[in-house]
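Take a look at the structure set out below.
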Amino acid sequence: MTFSNAQSLRTQRRPAIIRACGLGLALALSAPCLTATAATPQAGAAAAAKSKVSQIDFKRGDGGAGRLILRFDGDGAAPDLRNQDGSVVVDVANASLPAELQRPLNVTDFATPVQRIDAKSYAGGTQLVLSTRGDYESLAYQTGNEYVVEISPRASVAAVGAVSGSAVAGVNARIAKQGYSGRPVTFNFQDVPVRTVLQLIAEESNLNIVASDTVTGNVTLRLVNVPWDQAMDIVLRAKGLDKRRDGSVIWVAPQPELAAFEKAKEDARIDLENRVDLVTDYIQINYHNAAAIFKALTEAKGIGNQSGGGGGGGGNDQENGFLSPRGRIVADERTNTLMISDIPKKVAQMRELISVIDRPVDQVLIESRIVIATDTFARDLGARFGVQGREIGNNTRVISGSLENNVDIIQDGTYNIPGGLNFDLPATTASGMNVGALAYTLLGANFAIDIELSALQQEGRGEVLSNPRVVTSNQREAIIRQGREVGYVTLTGGGNQAFPTPTVEFKDVVLELKVTPTITSDDRVFMVVHVTKDEVLRYIDTSIGQVPEIATREINTAVLVDDGQTVVIGGVYEFTDANSVAKVPFLGNVPFLGAFFKKTSRTKDKAELLIFLTPKVMRVEKRA
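Using the UniProt record's numbering, read the sequence shown as starting at 1 and increasing by one per residue.
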C-alpha cells in the first residue's frame, strides 16, 4: 500500500484514521503533531484487570538516558504516560501488580535523570512514579507485552505556547549525534495500527512510503517533540521492521523479507556474472615489481584459491576479494607484467587498482653530520730532592736515597741519580712530552745536595667531523657504511688438546648511517634512524698479542622533521675534572717550602657528541 502527501487524499484519510484509532481523536493535519488521548486511568480502573505486571527492569541507555521496561503476563495492557510535578507517572489501569514487585527502586547509581521508581497497586491497576532530577525528555512505545519508557537528559527547554510544559525547543544532543534531522512531531497512541502511524509519518516527512502486505500489528506509543525520522525508527524497531530508501520513496517491510529480497538480488547478480565471458588483459608494471604486486593481491584476505606457478583462482560460489571466483592472475617477472583473466568488470577494477599502486614515489636525501668535539687541559708541578754525604773515620757513615746507592758511595765514592734521590716526583704527561725543569746541585768534599723543580701545562682542542649522505626512495631503508675491520688473536680449543689453537678474528670499526624515511601528506619526513660511530682508542697488550679497545657511539631513534629542516637527534656531553697531590709527609705541608717536597696534577677533559640530520624531499615529476 502506498501513502503520499497529496492534498487531495487528506480529506479521505481523516475519517479512516479516526475509525482505525477508535479513540475519538480530532485530527488537525495543519498542526505540527497529531495527538490521540488514551482512556483515563479512572475509566480503566473500573474495568476488570486482564493481565498483570511480570517484570520491572531499569537500564542505562545511550547518552545517559534511563530506560524503564515493563513486561506483562498476558495481552491487553493499556499503559498511560503523563508528567506530574516533575515526575513521570505510568498508569496501567487494567494490569495488576504482584506483591513482590510493590517496592521502591533506587536507581541513582545509573547516573540518569531518573532517581527513584515507586511501584504500587491501586483498585486493581498499577501505577509507577519515576522521580526525576533536572530537565529531561520522555518517550514511550509498546510492542506486544513489553512497554518501554525512555527518560533522556534535555539539552534545552523552552515554552511552546499552548503545548504542554514538557515540550522541548530543539533536538537534544543525543538525537543530533545519531543523525536525526526531521521535523519534531508528537504522537500519543493506544493500540493503533502500524500502517496508520506510517501514514502520519509520510504526511509529516513529505515522503512516499510503500508498506509491504506483511506489515501488520498495532503499536502503543507516546512521543513528545521527537524528530519524525527517529519516530519512524522507533516504530520499525518495535515491530521488527526495516526500511530501504530510494530517492523520495521508502519501502517498509519485515527484516527477514528485506534480507531475503537483497539476498535474491545478489544471487541473481552473481549468477549473471558467472555467465559472462572471461577476458584477458596484460598490465605492464613500470615503477613497481610485478611479483610484489601479485603477492599483495593474492595474499589479501578473501582472495580466491591460489595455484602454483603464480596463478590465482577459485572455485568458491561467492565473489572473492579482488577477483571473481573464476578470475586468475599471473605475474611474469622477466617482463614485469601482470596477466589477468576475469570478467570485464573485475578486470577494469584491477587495472584501476594497479594504476594507483604502480606510480613513481618521491625520494629523500638524508644528510647527516656527526661532530665529536674534545677539549683537554693538564697541569703538572713536580720536584726532585736528594741529599748524599759520607764521613770516613773509625766508622764510615753514608747518607743517600737508597741502600744500593750507599754501597756505590762507599765503594766508588759516587752516587747515581735517581737512585740517590730522597724523593723523585717530577712533572709528567700522558703523552710523554718533555717537561720544563730547573735544577740546583751543591757539592762539598763529602756531601752533595740536588734539587730539581719541573712544571708542565698542556692544552688540546680537537674536532672530528663526519658527513655521511644517502639518497633513498620513500619508505625504503638506506644504509651507508665506512670504516675498517680490526684483527686480533683469540685462543680456541683446550680440554683434551695439548695446546690451544690461535685464531684471528675481526671486529668492525665503522661509521654507519641507517635510515628509513616516510614522506607524510603535509610534506614532512618521518625518519627511523640508526647511527653508529666506532673508534679504536688503543691496543692492549696480552700474552697472545694486542687486543683493540673500541669506543662505540650509537643512537637509535625516530623523528618527524620538516622538509629541509635540520634537527639534532642526539648529544652526549662528558666532563672530567681530576686533581691529585703526591708529597713527602710533614715536609710537603710546610708553607712555601712545601712546594719543593710534593707534586700536584690537575686534569680537565671535555668531550661532546652531536648528530645532525637534514632530510630533503626530491619530488619526482609525473608523466604527462
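The C-beta atom is built at its ideal place from N, Cα and C for all residues, glycine as well.
Taking all protein chains shown into account, decide if residue 295 is buried (16 or more other Cβ within 10 angstroms of its Cβ) or exposed. exposed
Counting only the same chain and skipping the five closest in sequence on each side, list residues whose C-beta sits under 6 angstroms from that of residue 371. 465 and 610
For residue 521, which three-state DSSP category applies? coil
Identify, in the order they occur along the chain, each residue of the same chain with its Cβ nearer than 8 angstroms to the Cβ of residue 525, setting aside the five sequence neighbours on each side. 364, 517, 518, 519, 560, 561, 562, 563, 615 and 617
According to DSSP, is residue 615 helix, strand or coil? strand
Could you compute how far the alpha carbon of residue 97 sits from the alpha carbon of residue 215? 33 angstroms
Hey, is residue 492's beta-carbon within less than 8 angstroms of any beta-carbon in chain B? Structure shown: chain B not included; a single protein chain is present.
In three-state DSSP terms, what is residue 355? helix
Pull the bridge partners of residue 576 from the DSSP assignment, please. 605
Since residue 209 and residue 252 should fall inside the 8 angstroms C-beta cutoff, what is the C-beta to C-beta distance between them, to a whole number of angstroms? 6 angstroms
Under DSSP, the beta strand (DSSP E) around residue 458 begins and ends at which residues? 447 to 466
Under DSSP, the beta strand (DSSP E) around residue 372 begins and ends at which residues? 363 to 391
Tell me whether the beta-carbon of residue 219 lies closer than 8 angstroms to the beta-carbon of residue 192. yes
Enclosing beta strand (DSSP E) for residue 243 [first to last residue]: 241 to 246
Residues near residue 620 by beta carbon distance below 8 angstroms, same chain, minus five either side: 360, 361, 362 and 363
Where residue 344 falls, given that 16 or more other Cβ within 10 Å makes a residue buried: exposed
Residue 162 classed as buried or exposed, judged by whether at least 16 other C-beta atoms fall within 10 angstroms: In this predicted model, residue 162 has a pLDDT of only 34, less than 50, meaning its place in the structure is not dependable enough to derive any value.
Here's a check: name, in chain order, each residue in its chain whose Cβ is nearer than 7 angstroms to the Cβ of residue 351, leaving out the five neighbours to either side. 281 and 283
Neighbour-count burial assignment, residue 593, 16 or more Cβ in a 10 Å radius: exposed
For residue 486, which residues in the same chain have their Cβ closer than 7 angstroms to its Cβ, ignoring the five residues on either side in sequence? 506, 507, 509, 536 and 548
Three or more C-beta pairs under 8 angstroms: does that hold for the region 256 to 271 against the region 332 to 339? no
For residue 339, report the span of its beta strand (DSSP E) as first-last. 337 to 342
Tell me the DSSP bridge mates of residue 56? 70
Contacting residues, own chain, Cβ-Cβ under 6 angstroms from residue 477 (five flanking each side not counted): 516
Please report the distance separating the alpha-carbon of residue 327 from that of residue 285. 19 angstroms
Within its chain, find whatever has a CB closer than 6 angstroms to the CB of residue 604; leave out the 5 residues flanking it on each side and keep chain order. 377 and 577
Whether residue 427 touches residue 454 by CB criterion (8 angstroms): yes
Using 10 angstroms around the beta-carbon of residue 263, count the other beta-carbons present and answer buried if the total reaches 16, otherwise exposed. exposed
Here's the rule I'm using: 16 or more other beta-carbon atoms within 10 Å means buried, otherwise exposed. How should residue 600 be labelled? buried
Report the residue from 565, 91 and 480 whose alpha carbon sits nearest the alpha carbon of residue 530. 480
Pair within 8 angstroms by beta-carbon distance, residue 612 and residue 368: yes
Secondary structure at residue 299, three-state DSSP: helix, strand or coil? coil
With DSSP collapsed to three states, give me the class of residue 593. helix
On the CB-based measure, 16 or more other CB atoms within 10 Å of its CB, does residue 325 come out buried or exposed? buried
Between residue 374 and residue 607, is the Cβ-Cβ spacing less than 8 angstroms? yes
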